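With the working numbering applied, the sequence shown has no gaps in its numbers, which climb one by one up to 641 at the end. These notes concern the structure reproduced below.
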Amino acid sequence: MSEPRLPAAVDADAVRIIRGLAMDAPLAAKSGHQGTAMALAPMAHVLWTRILRFDPADPAWADRDRFVLSNGHASILQYALSFLAGQGLEMEDLRAFRQWGSRTPGHPEAGHSPGVEVTTGPLGQGLANAVGMAIAERHLRATLGAAACDHHTWVVAGDGCLMEGISHEAASLAGHLGLERLTVVFDDNGITIDGRTGLACSDDVAGRFGAYGWRVLRAGDGVAEDLDALERILRDARDSDGRPTLLVLPTRVGTPSPDWTDRHEAHGNPFTADHVAATKRAMGMPDEAFWAPPGVVAECRRHAAARAARARRDAPAWPRPDVDAAQRALPSWQDGAGVATRVALAACLDATREAVPGLLAGSADLTGNTGTRVAAAAAHGRGTPEGAQVYYGIREHAMGAAAVGMALHGGVVPVVGTFFVFSDYLRPALRLAALSRARAVFVFSHDSVGVGEDGPTHQPVEHLMSLRLIPGLQVIRPADARETAAAWVAALAHDGPTALVLTRQNVPVCTDGGAVEPGAAAVRRVDGARVRLLATGSEVHVALAAADLLAAEGLAAEVVSMPSWDRASRSGADRALLRGALPTVALEAGVTLGWERWAHAVVGIDRFGASAPGAVAMARLGITPEAVADAARRVVRGSPA
Numbered sequence: 001m002s003e004p005r006l007p008a009a010v011d012a013d014a015v016r017i018i019r020g021l022a023m024d025a026p027l028a029a030k031s032g033h034q035g036t037a038m039a040l041a042p043m044a045h046v047l048w049t050r051i052l053r054f055d056p057a058d059p060a061w062a063d064r065d066r067f068v069l070s071n072g073h074a075s076i077l078q079y080a081l082s083f084l085a086g087q088g089l090e091m092e093d094l095r096a097f098r099q100w101g102s103r104t105p106g107h108p109e110a111g112h113s114p115g116v117e118v119t120t121g122p123l124g125q126g127l128a129n130a131v132g133m134a135i136a137e138r139h140l141r142a143t144l145g146a147a148a149c150d151h152h153t154w155v156v157a158g159d160g161c162l163m164e165g166i167s168h169e170a171a172s173l174a175g176h177l178g179l180e181r182l183t184v185v186f187d188d189n190g191i192t193i194d195g196r197t198g199l200a201c202s203d204d205v206a207g208r209f210g211a212y213g214w215r216v217l218r219a220g221d222g223v224a225e226d227l228d229a230l231e232r233i234l235r236d237a238r239d240s241d242g243r244p245t246l247l248v249l250p251t252r253v254g255t256p257s258p259d260w261t262d263r264h265e266a267h268g269n270p271f272t273a274d275h276v277a278a279t280k281r282a283m284g285m286p287d288e289a290f291w292a293p294p295g296v297v298a299e300c301r302r303h304a305a306a307r308a309a310r311a312r313r314d315a316p317a318w319p320r321p322d323v324d325a326a327q328r329a330l331p332s333w334q335d336g337a338g339v340a341t342r343v344a345l346a347a348c349l350d351a352t353r354e355a356v357p358g359l360l361a362g363s364a365d366l367t368g369n370t371g372t373r374v375a376a377a378a379a380h381g382r383g384t385p386e387g388a389q390v391y392y393g394i395r396e397h398a399m400g401a402a403a404v405g406m407a408l409h410g411g412v413v414p415v416v417g418t419f420f421v422f423s424d425y426l427r428p429a430l431r432l433a434a435l436s437r438a439r440a441v442f443v444f445s446h447d448s449v450g451v452g453e454d455g456p457t458h459q460p461v462e463h464l465m466s467l468r469l470i471p472g473l474q475v476i477r478p479a480d481a482r483e484t485a486a487a488w489v490a491a492l493a494h495d496g497p498t499a500l501v502l503t504r505q506n507v508p509v510c511t512d513g514g515a516v517e518p519g520a521a522a523v524r525r526v527d528g529a530r531v532r533l534l535a536t537g538s539e540v541h542v543a544l545a546a547a548d549l550l551a552a553e554g555l556a557a558e559v560v561s562m563p564s565w566d567r568a569s570r571s572g573a574d575r576a577l578l579r580g581a582l583p584t585v586a587l588e589a590g591v592t593l594g595w596e597r598w599a600h601a602v603v604g605i606d607r608f609g610a611s612a613p614g615a616v617a618m619a620r621l622g623i624t625p626e627a628v629a630d631a632a633r634r635v636v637r638g639s640p641a
C-alpha cells in the first residue's frame, strides 16, 4: 500500500506558510534569520511529510528518526514544521518567537521545544551531535535487534557548519565508522553573514566528504523548488550503501524575495514590512501576518498523524543503568593503597559493566591513559557495531559533541576521556551538554601539575575553576579510589552531564568515599579543632599530612574533602559544614580564585607549571604539607595569609 500524500494544493500552501512564518516571526521579534528558512522550506516540507518517521503526538517516541538542524539560526524553519505537523507548537508560540518565556527561542533547545533533538546554534556542533546519535542507533540495533531500534538520523547543515573545524573531525569519524544511517543535507547557498563564502573559503566540500569515505549526492539546480524531485533524491540519500551520505542541495538564500534573494543581507537581517509584503505578493499569498489557513493546517496535521499511525510500532524498552546494582558491584581498596584515580575509574567501569547496559566508553587516543578502557569490551567499528569501546582518534571536539548526541539519543551511556588540559577543546560541547542536560560523562585525567615532565602545556591550572563556572555541569574531583567509585555512581544517577577530574599519579586511599554524595564531608574530625583544612582531589592526603604536622605541635585541625562544589551547594553541605567561625585554609593544585567563598587562606597555584617530575613540580609550586601547615598557623593567629 502506498504512503498517503498531501494534495498538491496543500503542499503548495504549506510551503507558502513556512516561508511566510520565516519572515513574519523575525519581523515581529525584530530579530532572527529568515533567508535560510525560506530557501529550505520545500526540502524541509518534503522531508517532514514524506520521509521522516516521527509521531507528532509523542515527540519522544524512542524509535523515531532524528532531525537535527545544525544551522540552528534557521530555528523558525523547525518551529514552522512542528506547528504544521501538530507536534505541540501553536500559533501563539510562533508569534512569541525569540521572546522571554516562549517555546520558540532564537536557536533550538533540546527539552524546551517539542521535537527538538539537540541544542544547536554554535555551528557544526549539531552535525557532530548527529554523528553520536548515529553511533548510538547502530550500537543499539546491533545489541538489541532491529525490533528495538531501527531509525535514521537526518541533519541539515550550512556553509558555516562545514567551515567550523568540528565538522572535519566529525565527518572523518563518521566516514571511518561507516555510519550508513546518517544523512547530511548541505544547504549549499554560498552565503555567510559577511557576504559570499568566496570571501573566506574555496573548499571542495563534495571532494572533502568523498575523501572521508562518504557517499556524495548532488542535487541539480532547481531541485530545491521541485517537491517530487526533492522526494526522489531524499529517498536515494536515505537508502545508503554502507556509508554516511552528504546530499549537496544548491539553494538560493531568501527565495523568493524580489529584493533579497541570493544576497547575504537576507541571512541575518529581518526583512522590513515592505520586503515581506513584496515577497508574499511574489508567492501569491495574502499580505497577512502569520497567515496559516486553518483548513490547510488541519490537513497537514491529519496527514502527519496518519503517517505516524503507519510508521509507529511498539518497540521493546531500551535498558537503563541500574544505579543500585552498580553501587553493589563497585570494587574495594585497602586503606593506604596507592591508586591513581584514573586507574580506579577503569576498575569501576569494568566492575559495573553488567549494571550499565549501553555503556559506550572511549577517548581521544588516550584510552588507557584516562581510565576509559573497558577490559572486556570489543572495539566499536564498521564491522563490529556491537562493540562498546569507541576509539575517537585525536578528535576531542567531535568526541565531546558526539557524546552529547549519544546522551540525547538515549539508550546508551557515553563516557569519553582526554587529558584535563584538553578540556578546552571540549568546552563548547560541555556548555551545550549542560544547557541540554545531556547525561554524558566526561573524564579528564592528568588533572594538575602532577602530570610532571610534560610541562606547562600539559599541566592544567585554570581548568578546574573554569569548569565550575558552567551552570548545570556536575564537576567531581575525587580524593582517592573510594571517592572515585562514589563519583562514578553519582554520574550515573545525575540527570545531566558530569565531569570527572582524575589523577595521573598514585594517591593513597585515605577516605571512606562519603564526601561525594553531599559534595563535602569531614575526613578527619578532632575535638577542639582550631582550624579547618579544606582540600580536593590529590591534595586531600596532603591536607591530612599537614594536620599531622599541626597535631604534633598541639594545634588540632579538622580536614574536609570537598570533591564537588555543585553537589555541596545543592545538598547544603557548604553551609552546614564550611561556614562559621573556624579559620579555614583551602588547598588545591590550581588557581585560587573562588576559594575565598569558604577559606581565609588558600594554598594553590596562580601561575603556569614547569617541566619536572610530578612530585618535584608539586613541591616547588608549594603544594606540600609544610606550606599548608604554615598557612594554618597564620590564620589561627589572625595574620594575613
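For every residue, glycine included, the Cβ atom is placed at its ideal position computed from N, Cα and C. Please read these numbers as outputs of a predicted model, since none were measured by experiment.
C-alpha gap between R263 and V253, whole angstroms: 7 Å
Span of the beta strand (DSSP E), counted from its first residue to its last, around I233: Premise fails: I233 lies in the alpha helix (DSSP H), 227-238, not in any beta strand (DSSP E).
Reduced DSSP category for M1 - H, G, I as helix; E, B as strand; rest coil: Below a pLDDT of 50, predicted positions are generally treated as unreliable, and M1, at 44, falls in that range; the measurement from the model is reported next regardless. If DSSP states are grouped into helix, strand and coil, M1 belongs with coil.
Neighbour flag for A573 against chain C, beta carbons, 8 Å: Among the chains of the structure shown, chain C does not appear; only one protein chain is present.
Rounded straight-line distance, which links the Cα of A499 to that of A585: With the sequence shown as reference, residue 585 is identified as Val, and Ala is not the correct amino acid for it. Near 25 Å, if we compare the C-alpha coordinates of A499 and V585.
A402 beta carbon less than 8 Å from that of A128: yes
Residue range of the alpha helix (DSSP H) that includes Y425: 423-436
Residue(s) in a DSSP beta bridge with D187: G158, L249
Buried versus exposed, by CB contacts within 10 Å (16 or more), A576: Looking at its Cβ environment, which holds fewer than 16 other Cβ atoms inside 10 Å, A576 is exposed.
Neighbour-count burial assignment, S172, 16 or more Cβ in a 10 Å radius: buried
Sufficient close CB pairs (3 or more, under 8 Å) joining the stretch 515-524 to the stretch 564-574: yes
Simplified DSSP assignment, three categories, for G622: coil
Local conformation of S257 per DSSP, three classes: coil
Spatially closest choice to D203 from M163, S102, L234, G195, by CA coordinates: M163
Local Cβ density within 10 Å of K280, reported as buried at 16 or more and exposed below that: buried
Helix, strand or coil at V356 [DSSP, three-state]: coil
Rounded Cβ spacing between W318 and G405 (contact assumed at less than 8 Å): At roughly 16 Å, the Cβ-Cβ gap does not stay under 8 Å, so W318 and G405 are not in contact.
Secondary structure of I193, DSSP reduced to three states: coil
Other residues of its chain near A641: CB distance less than 8 Å, five sequence neighbours each side excluded: With a pLDDT of 46 at A641, under the threshold of 50, the predicted position of this residue should be treated as unreliable, though the coordinate-derived value follows. Cβ within range, chain order: V585, H600, A601, V602, A631, R634, V635.
Where Y79 falls: helix, strand or coil (DSSP): Reduced to three states, the DSSP call for Y79 is helix.
Same chain, Cβ closer than 8 Å to A376, five either side skipped, listed in chain order: Closer than 8 Å at the Cβ level, and outside the excluded window around A376, lie D350, R353.
Own chain partners of R170 with C-beta closer than 6 Å, once the 5 adjacent residues on each side are dropped: Reading off the sequence shown, one finds Ala at residue 170, where the question assumed Arg. Correct list, in chain order: L127, A128, V131, A398.
Secondary structure of V216, DSSP reduced to three states: strand
Contained alpha helix (DSSP H) runs [length at least 4] in the stretch 435-488, N- to C-terminal order: Runs found: 463-468.
Cβ separation of E3 and F67, assumed to be a contact under 8 Å, to the nearest whole Å: With a Cβ gap of about 18 Å, E3 and F67 do not count as contacting.
The stretch 472-487 touching the stretch 292-309, judged by at least three CB pairs closer than 8 Å: no
Three-state class that DSSP yields for S172 in the structure shown: Looking at S172 - three-state DSSP - the assignment turns out to be helix.
Check whether V421 and P460 have beta carbons under 8 Å apart: yes
CB of V507 within 8 Å of CB of T341, strictly: Yes, the pair counts as a contact, with Cβ atoms nearer than the cut-off.
Among T272, E231, G220, D274, nearest to T251 - alpha-carbon criterion: G220
Q389 in three-state terms, based on DSSP: strand
Closest Cα partner of L534 within the set L182, V628, V185, R19: In terms of Cα proximity to L534, the closest of L182, V628, V185, R19 is V628.
Exposed unless 16 or more other CB atoms sit within 10 angstroms - verdict on T511: buried
Backbone secondary structure at A96 - three-state DSSP: coil
DSSP state of R66 mapped onto helix, strand, coil: strand
Close-in-space but distant-in-sequence residues of the same chain around E483 (CB under 6 Å, 5 per side omitted): T511, G513, V516, P563
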